[in-house]
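In the numbering used here, the protein residues as written are 30 to 79.
See structure below.
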């Protein structure tokens, strides 16, 4: 399972387990699966807490 932990102009910051190790990377939203793209779009539409 991939967890999105940040979104900004540079891309979508994701973290996941691979082979028992925690990995993280920055992706362009267009490179992610459609379901993940919807999560990113929803996060961008959600107002941030001050």
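Note that CB positions come from ideal geometry on N, CA and C, so glycine has one too.
Could you tell me the boundaries of the alpha helix (DSSP H) in which residue i lies?
i: residue 68; result: 63-74
Helix, strand or coil for residue i per DSSP?
i: residue 53; result: strand
Hey, could you find the ends of the beta strand (DSSP E) residue i is sitting in?
i: residue 31; result: 31-37
i: residue 40; result: 40-47
As a quick exercise: from the options, pick the residue whose alpha carbon is nearest that of residue i.
i: residue 40; options: 48, 59, 46; result: 59
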